[in-house]
Amino acid sequence: MSTSGKLRIVESVGLGVTELQPGDHVLPVFTGECGECRHCKSEESNMSKINPKAPLDKVCVLSCGISTGLGAALNVAKPRQGSTVAVFGLGAVGLAAAEGARISGASRIIGVDMNPGRFNEAKKFGVTEFMNPKDHDKPVQQELELEKFITHQVPMAEINKAFKYMLHAAVAWEAGKPLVMEEVEVAPPQKMEVRVKILFTSLCHTDVYFWEAKGQNPLFPRILGHEAGGIVESVGEGVTELVPGDHVLPVFTGECKECAHCKSEESNMCDLLRINTDRGVMIHDGKSRFSKNGKPIYHFVGTSTFSEYTVVHVGCLAKINPLAPLDKVCVLSCGISTGFGATVNVAKPIKGSTVAVFGLGAVGLAAAEGARVSGASRIIGVDLNPNRFEQAKQFGVTEFVNPKDYSKPVQEVIAEMTDGGVDRSVECTGHVDAMISAFECVHDGWGVAVLVGVPHKDAVFKTHPMNFLNERTLKGTFFGNYKPRSDIPAVVEKYMNKELELEKFITHQVPFSEINKAFDYMLKGQSIRCIIRMEH
């Protein structure tokens with residue numbers, strides 16, 4: 001059967017075929033009619049040969065979805081003239097069902113859908129009222145027009161491009177407002193880019209921070225999300241390390257493997273792909289791969305995982321063991337690796353040492369987990385929220401300090417508790433006063449403090465120079481000192497080998513359609529990580 005030139009025309013037939021001959025116009029259908037069984041001999045058969053004059057670029061859509069919805073209304077529901085019909089779901093099949101109700105003469109066709117963006121389009125198919133948000137005027141009656149269902153055309157050689165027209169994303173249209181589920185176009189990957197089907201994503205406080213747009217340049221509309229796990233769908237020019245089907249974790253920072261930082265064993269700060277929160281486009285051509293109605297929707301830190309598909313630079317994808325459960329290891333894309341790596345790769349506590357962790361959010365708990373895995377004998381959790389203390393015990397925390405309970409600086413409290421100071425401290429709040437306390441609470445001679453949290457741009461770190469001269473060491477870290485492509489696969493293997501526990505970080509799960517609940521959980525302080533399931 002030929003699918004080029006004249007579309008869907010019989011090219012040749014095999015032995016025993018008598019009803020078709022070369023040149024006949026046909027529609028391939030996902031279900032068949034043998035002509036011999038009792039179902040096919042029944043008068044209720046649902047197959048027929050089509051008129052060769054029918055335009056195949058229009059009637060081809062009758063092979064599945066449109067006929068499914070239209071027939072559901074005309075042949076099964078069979079609404080009478082003047083009747084009332086409710087259609088649940090206003091995708092292509094639902095719109096075809098509405099069209100069937102319209103042709104049948106239904107006087108009221110009520111469209112029910114969670115996406116208010118579909119309501120205006122549904123008017124063309126006869127929908128007169130909507131469950132959400134408000135009632136609308138009835139549209140003018142029209143005959144069945146298949147052209148209404150066809151919004152795009154692509155040649156067979158570019159069939160992958162068709163995917164970009166049928167994808168959903170949770171779009172942040174403005175600061176602090178609930179994300180809206182939208183149908184968006186996701187373009188094919190360009191040079192050194194990969195299109196990834198996201199299966200699971202999770203919410204990080206960084207997403208919330210940029211969604212609230214407090215203290216940074218707002219950039220909307222935008223698709224947030226940067227902790228996720230998915231499968232490669234297609235690759236662009238120049239991509240050789242990944243192929244369709246590979247399991248990957250998108251990461252907010254990258255590893256080009258060519259710059260001085262990537263070639264250094266001491267750095268993970270890639271010159272090309274280092275995080276840039278102000279950039280909402282791809283670096284190849286300065287354009288977004290997301291759009292709606294021809295207008296761009298901006299990327300977020302090069303990942304934008306709150307979408308069924310996303311396009312990411314190959315340098316920001318870690319290829320991982322395909323046996324690793326993506327609904328667990330997806331949390332390694334950001335916060336958990338950041339905190340865990342800050343301890344095991346930078347602070348490097350030895351067995352039996354004492355460690356103080358400032359801030360017991362997700363990153364701080366991951367830092368405590370790193371201390372536990374390293375064999376620390378005392379892990380002191382420091383936080384202003386006493387409700388976090390009980391939970392932190394699961395991550396190895398042995399003692400707790402709430403600075404509000406003392407009249408003296410918390411660094412002095414910790415020094416008294418530990419005979420002069422802890423061996424290591426990890427600061428995960430981003431507050432400059434906590435950073436100073438974390439540094440000044442380590443023991444002189446060998447104490448090391450590691451700063452993880454991101455401070456306010458105007459914050460100033462002040463301490464006496466003697467703290468350095470007395471051989472206290474202060475270090476900073478970025479993404480736990482992990483190189484995304486080179487190191488994260490090994491962290492996944494730690495989980496697979498039961499050396500790292502990820503389940504205890506996952507406190508909630510929601511379907512993609514309820515993504516705003518994940519924001520509620522985090523804003524109320526109820527979750528460490530909420531997994532968002534992309535497939536229903």
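By the count of full-length UniProt numbering, the sequence shown reaches residue 536 at its end, each step adding exactly one. We treat Cβ as the ideally placed atom computed from N, Cα and C, and that holds for glycine. Please read these numbers as outputs of a predicted model, since none were measured by experiment.
Counting along the chain, Tyr-521 sits inside the alpha helix (DSSP H) bounded by residues 515-523. Residue burial is scored here from C-beta neighbours: His-456 has fewer than 16 other C-beta atoms within 10 angstroms and is therefore classed as exposed. The residues Val-432, in chain order, have a CB closer than 6 Å to that of Ala-459 in the same chain once the five nearest residues on each side in sequence are set aside.
DSSP places Tyr-209 inside the alpha helix (DSSP H), whose first and last residues are 205-212. Glu-233 is not a Cβ neighbour of Met-534, given a cutoff of 8 Å. When Asn-217, Ile-231, Ser-437 and Gly-480 are compared, the shortest CA-CA separation from Ala-318 is found for Ile-231. In terms of Cα proximity to His-261, the closest of Met-181, Asn-481 and Gly-14 is Asn-481.
For Gly-230, the beta-bridge partners assigned by DSSP are Ile-198 and Val-248.
C-alpha of Gly-117 to C-alpha of Leu-523: approximately 27 Å in a straight line. The beta carbon of Phe-389 lies closer than 6 Å to those of Phe-400 in the same chain, with the five residues before and after it left out. Between Val-492 and Ala-324, the C-beta gap is smaller than 8 Å, which places the two residues in contact. Straight across, the Cα-Cα distance linking Lys-191 with Asp-285 is about 9 Å. Excluding sequence positions up to five before and after Leu-219, its CB lies within less than 6 Å of the CB of Gly-280 and Tyr-298, all in the same chain and listed in chain order.
Phe-512 sits in a helix when the DSSP states are folded into three classes. Just measuring C-alpha positions, the residue of Ile-380, Gly-302 and Gly-375 sitting nearest Gly-359 is Ile-380. When secondary structure is reduced to three states using DSSP, Thr-68 falls in the helix class. When secondary structure is reduced to three states using DSSP, Tyr-495 falls in the helix class. In this structure, DSSP gives Cys-256 a state outside helix and strand, which the three-state scheme calls coil.
If you look at Leu-273, you'll find it isn't in any beta strand (DSSP E); DSSP assigns it neither H nor E.
Leaving aside the five residues that flank Val-413 on each side, the residues in its chain whose CB is nearer than 7 Å to its CB run, in chain order, Val-401 and Tyr-406. DSSP places Ile-297 in the uninterrupted beta strand (DSSP E) bounded by 295-297.
As DSSP reads the structure, Gly-476 sits in a beta bridge with Leu-451.
Look at Ile-532 here: in three-state DSSP terms it is strand.
Per DSSP, the continuous alpha helix (DSSP H) segment holding Met-466 begins and ends at 466-469. The beta carbons of Gly-370 and Gly-352 sit no closer together than 8 Å. Taking 8 Å as the cut-off, the beta carbon of Gly-254 is found closer than this to the beta carbon of Leu-273.
Note on Ser-264: under 16 other CB atoms within 10 angstroms of its CB, so exposed under the neighbour-count rule. Burial check for Ser-377: the Cβ neighbour count within 10 Å stays below 16, so the residue is exposed.
Taking His-508 as the centre and dropping the five residues before and after it, the same chain places the C-beta of Tyr-521, Ser-527 and Cys-530 closer than 6 Å to its C-beta, in chain order. Tyr-495 sits away from Val-301, with the two beta carbons spaced by 8 Å or more.
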